[in-house]
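These protein sequence lines map, in sequence, to chains S and F. Sequential numbering from 1 applies to the first sequence in this note's numbering. Sequential numbering from 1001 applies to the second sequence in this note's numbering. Presented below is the structure to which this report refers.
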Amino acid sequence: MTQTINPYGKVALYPGCALDGLGKAYDVTLQLVTRDLGLEYEKIDDYNCCGALEVKNVNTMAGLLLPARNLSLARQMGANAVMSACPGCHYSLSRTQYFMTRYPKLREKVNVYLEKMGEKQYDMQLLMIHAVEFIYNTVGPEGVKARVKRPLAGLKVAPYYGCLYTRPKAYTLTGYMKLKDDPERPVFMDELLTALGAEVVPFEAKTICCGGPHVYSDLPTSLHLEARILKEAKRNGAELLITDCPLGHVAIETNMNKIAEKYGKDLRMPLVYFTQLLAFAFGHSPEEALLTANLSDPMSVLKRYL
Amino acid sequence: MPIPNLEKPIIKGLIQKDKVIVDGVELDGTWNAFMIERTQTGYDQSVWDEIANTIEGATISLCWQCGTCTSGCTMREYDPNYSPRRFIDLARKGDKQALIELQDSLWRCVSCQKCTHRCPKGVLVEEVVHSIHNYLLKHGLVKRDPGTIFDELFLETVMKNGGRISELLLGGASAKAGFVTMSLRDLITMMGPLMKSGLIKDLMKPNRVKNWDRIKPVLEEAMKEEVVPE
C-alpha cells in the first residue's frame, strides 16, 4: 500500500450540471476510482449552475454570483479546495475567484448578495482544482499503478484535456505552482494513463478547442474543430480518445455522425472519460464503469481485455 | 522630377496641377504635387472609456498590439477577418463603423482562452473581445447573432429550471429557438446506450436547487446592478 499524501486538505466536489446530466458516467466512475484509491471528497449537494461560458457574456453580475454561491457552499462545508471534474466549471469558479480577488468593492457587493440569498459570505480561502490534478497530486501514477488489476498493455490512447483544464493561467494558475500542470503541454493525465499500462500516443491536439460553447450556434466550425482532434488522434494511431471534459466529450460524441459524414467515416473513434478507463483497469466490469453508457461504444476496443 | 506613374496609385488623394505659383515663384516637378489631408476624423473616443470601465474590458488599455492573441487564435483559422488585435485597436480608436462592418466575425469567439493565456501584457483578451461585442450590442449597433441568442437562452434556461441545466433542457430550448441540433439518427444513437445503461432515469429526474425561490429574486436584483472595475 502506497502512502497517500493529500496537499489539499478537505476537498469538496463541485459536480456541475454536466455530471448530473449526460456526464453521469464520469461522476459515477470518479466516485468509484477515488474510493478504490482511498481518496476522500464531499459532494456539494445543493449546487447551482456555474454559468459556464455563456452567462458571463449576458450579465456580469450573474456570471460572478452563480459560481460565488457554490464557493460559499463549499466553505460552509469546511472545504479547503473545490474539485471540479468539468474544466468548464473549473474555469468559471476560478474566474470568479480571480475577479473577486482583483476588485475589493466588487467582492463586497457579491458578498452582500450572497447573504441575501441566505448563504455565508465567501472568504476567498479556496483552491480550485481539477479531478485529474486531484488524483495526480495525491496518490499519483504510482498509487494508480499499484491498484491496477487489468493492465491495459498495448492499448493506444490519446488524452484530450480540452481548452479550460489549463487555460488561462491567470484564472487556473497553471504553471505557477507544482500542483498545477504545464499550461501548454499538460502531462498529468498522460502519466496516469501510462500507469495503467496503456500506451499514450504523441498527440498535439491535447488542448485545442472543440468549439463547445458554439456547438449549437456555430455548428460548422465546431464540426471542423472536432474533426481536427479526431484526425490528429487517428493519425498517431490512437484507438481511444480519453477525455477529462464532459463538454468536449458530449459535443464530440453527439456530433460523431455528422463528423463522419462530412470528414470521412474513418474518423469514428470511441471516447472514454479517464475515470472510466481507470475504473476498468482497476478491475470493475464494463457495466460498473458505465462504459455501456457511452454513445461511441468503447467496448468494441476494450473487450479484448475482459 | 515628376512623381513616377507607378507610384501614383499608392499615394491616395494626390493633387497635381500643371502650373502652381506660390509667393510669385513658380513650382514645378514634384513640388507642385500635394496630398489632401488624410487625418481620419469622426472617431468616438468614448468607446475606449466605456469598455475600460467594465471588469471584463478594463485590461484593454494594457494592449501593445503585438498580435500574440491573433497569431494563435482558434477562430482565425476559420474566419480570416477574426482578429482580436484589430478589434482592440478599432475599439480604442473608436472606429465604430469598422467594428460594425466586422459584426459577422465579432461574435464567433469560442472562448478557448489561448489569447488570454498567452498575452504577454496580461490583457484578458477573451473578456475584452466579449466586452467590445457587448458594447456594440448594448448600443444597438449590431444585429443579434446566434452566439448571443444562445447565451441568453442558456441564462433563461438556468433561471427557469431552478438554477441548473441539463443537456436535454438546453437541447430542447435551442431546438425551439431554431438551432438545428440533432437528426433522428443522432437521437437514436443517443437513446440506445442511455436506455441500456439506465442513465435515462437520472436524466429525466427533476433537478433543482432547494431554496431557488429565495435565490432567484436576489439574482434578478443583482443583474440590474452596474458593475465597475473597483
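Using N, Cα and C, we set each Cβ at its ideal position, and we do this for glycine too. Please read all numbers here as calculations on a predicted model, not as lab measurements.
Per DSSP, the bridge partner or partners of residue i
i                  : result
Ala1033 of chain F : F:Gln1016
Ala12 of chain S   : S:Glu42 and S:Val82
His130 of chain S  : S:Ser84
Glu199 of chain S  : S:Lys156
Met1021 of chain F : In the sequence under discussion, the amino acid at residue 1021 of chain F is Ile, which differs from the Met named in the question. Looking at the DSSP assignment, Ile1021 of chain F forms a beta bridge with F:Glu1026.
Thr243 of chain S  : S:Tyr160 and S:Tyr273
Minimum C-alpha distance to residue i - residue among the options
i                  : options                                       : result
Val28 of chain S   : S:Cys89, S:Glu287, S:Leu302 and S:Asp297      : S:Glu287
Gly1067 of chain F : F:Val1110, F:Gly1057 and F:Val1123            : F:Val1123
Arg107 of chain S  : S:Gly118, S:Met124, S:Ser94 and S:Glu119      : S:Met124
His249 of chain S  : S:Tyr14, S:Gly38, S:Ala85 and S:Leu306        : S:Ala85
Leu1062 of chain F : F:Met1075, F:Gly1042 and F:Arg1085            : F:Arg1085
Thr1201 of chain F : S:Ala293, S:Thr207, S:Asn257 and S:Gly143     : For the record, residue 1201 of chain F in the displayed sequence is Lys; it is not Thr. Per the Cα distances, S:Ala293.
Val1129 of chain F : F:Val1209, F:Arg1214 and F:Thr1116            : F:Thr1116
Tyr1082 of chain F : F:Asp1095, F:Glu1101, F:Gln1097 and F:Trp1064 : F:Glu1101
His224 of chain S  : S:Leu241, S:Phe188, S:Ala12 and S:Glu261      : S:Glu261
Glu226 of chain S  : S:Lys149, S:Ile259, S:His284 and S:Lys24      : S:Ile259
Cys1112 of chain F : S:Glu42, S:Pro186, S:His284 and S:Gly162      : S:Gly162
Val55 of chain S   : F:Thr1157, F:Val1022 and F:Tyr1078            : F:Thr1157
Asp266 of chain S  : S:Phe99, S:Thr172 and S:Leu230                : S:Leu230
Val58 of chain S   : F:Asp1213, F:Met1035, F:Leu1153 and F:Ala1052 : F:Leu1153
Leu271 of chain S  : S:Asp182, S:His284 and S:Asn255               : S:Asn255
Ser285 of chain S  : S:Arg185, S:Glu119, S:Lys149 and S:Pro7       : S:Lys149
Phe1179 of chain F : S:Leu247, S:Leu306 and S:Leu219               : S:Leu219
Glu1077 of chain F : F:Gly1094, F:Val1047, F:Asp1049 and F:Cys1109 : F:Cys1109
Met77 of chain S   : S:Gly38, S:Glu119, S:Lys145 and S:Ser94       : S:Glu119
Thr1054 of chain F : F:Pro1080, F:Arg1092, F:Gly1094 and F:Tyr1135 : F:Tyr1135
Asp244 of chain S  : S:Asn6, S:Phe99, S:Arg75 and S:Ala25          : S:Ala25
Sequence-distant residues of its chain with Cβ nearer than 8 Å to residue i (five each side left out)
i                  : result
Gln121 of chain S  : Ser72, Asn111, Leu114 and Glu115
His214 of chain S  : Thr221 and Ser222
Asp46 of chain S   : Leu73
Glu40 of chain S   : Val11 and Thr34
Ala1173 of chain F : Leu1153, Glu1156 and Thr1157
Val1227 of chain F : Thr1054 and Ile1055
Val187 of chain S  : Asp181
Same chain, Cβ closer than 7 Å to residue i, neighbours up to 5 away in sequence not counted
i                  : result
Val200 of chain S  : Val157, Pro159, Asp190, Leu193 and Thr194
Gly51 of chain S   : Ala62, Gly63, Leu66, Pro67 and Ser92
Thr60 of chain S   : none
Trp1107 of chain F : His1133, Asp1145, Gly1147 and Thr1148
Met36 of chain S   : The displayed chain sequence assigns Asp, not Met, to residue 36 of chain S. If we look at Asp36 of chain S and ignore the five residues flanking it on each side, its Cβ neighbours are Arg147 and Phe282.
Ala198 of chain S  : Leu152, Leu155 and Val157
Tyr263 of chain S  : Ala227
Asp1089 of chain F : Gln1065
Asn1032 of chain F : Gln1016, Lys1017 and Val1020
Val301 of chain S  : Glu239, Leu240 and Pro270
Residue-chain proximity (residue i, chain B), Cβ-Cβ < 7 Å
i                  : result
Arg1144 of chain F : The question asks about chain B, but that chain is absent: this structure's protein chains are S and F.
Close-in-space but distant-in-sequence residues of the same chain around residue i (CB under 6 Å, 5 per side omitted)
i                  : result
Thr221 of chain S  : Gly211
Leu1027 of chain F : Val1020
Lys1114 of chain F : Gly1072
Ile129 of chain S  : Ala81 and Met83
Glu1127 of chain F : Glu1056
Met1 of chain S    : Note that Met1 of chain S scores a pLDDT of 48, beneath 50, so its modelled location is shaky and nothing firm can be said.
Leu278 of chain S  : Val33
Leu1169 of chain F : Thr1157 and Asn1161
Leu13 of chain S   : Tyr41, Lys43 and Met83
Phe1087 of chain F : Val1129 and Ile1132
Inter-residue Cα distance where the pair is residue i and residue j
i                  : j                  : result
Pro104 of chain S  : Gln97 of chain S   : 11 Å
Cys89 of chain S   : Gly1163 of chain F : 14 Å
Thr328 of chain S  : Thr1070 of chain F : Limits of chain S in this structure are 1 at one end and 306 at the other, which puts residue 328 of chain S out of reach.
Arg17 of chain S   : Cys49 of chain S   : As written in the sequence, residue 17 of chain S is Cys, which differs from the Arg given in the question. Each residue's Cα considered, the two are about 6 Å apart.
Thr1059 of chain F : Ile1165 of chain F : 31 Å
Asn236 of chain S  : Glu204 of chain S  : 10 Å
Ile208 of chain S  : Gln1103 of chain F : 25 Å
Met1223 of chain F : Ile44 of chain S   : 25 Å
Met299 of chain S  : Leu164 of chain S  : 28 Å
Ile242 of chain S  : Ala233 of chain S  : 10 Å
Lys180 of chain S  : Leu1141 of chain F : 42 Å
Gly1192 of chain F : Leu126 of chain S  : 41 Å
Lys1096 of chain F : Met1075 of chain F : 22 Å
Glu1225 of chain F : Phe1150 of chain F : 22 Å
Asp297 of chain S  : Gly21 of chain S   : 18 Å
Phe134 of chain S  : Cys1119 of chain F : 28 Å
Ile1051 of chain F : Lys1138 of chain F : 11 Å
Lys1210 of chain F : Arg304 of chain S  : 45 Å
Val132 of chain S  : Val1047 of chain F : 42 Å
Ala1091 of chain F : Asp1079 of chain F : 20 Å
Distance cut-off 6 Å: residue i Cβ against heavy atoms of the ligand PLP
i                : result
Phe99 of chain S : As for the ligand PLP, it is missing from this structure, which has no ligand bound.
Which full runs of the beta strand (DSSP E) of 3+ residues lie inside the stretch 1029 to 1088 of chain F, going along the chain? 1033 to 1035
What are the uninterrupted segments assigned as alpha helix (DSSP H) that are 4 or more residues long and contained completely in the stretch 1156 to 1184 of chain F, given in chain order? 1167 to 1176
Just to confirm the assignment: which complete alpha helix (DSSP H) runs, minimum length 4, are found wholly within the stretch 167 to 216 of chain S? 169 to 172 and 188 to 195
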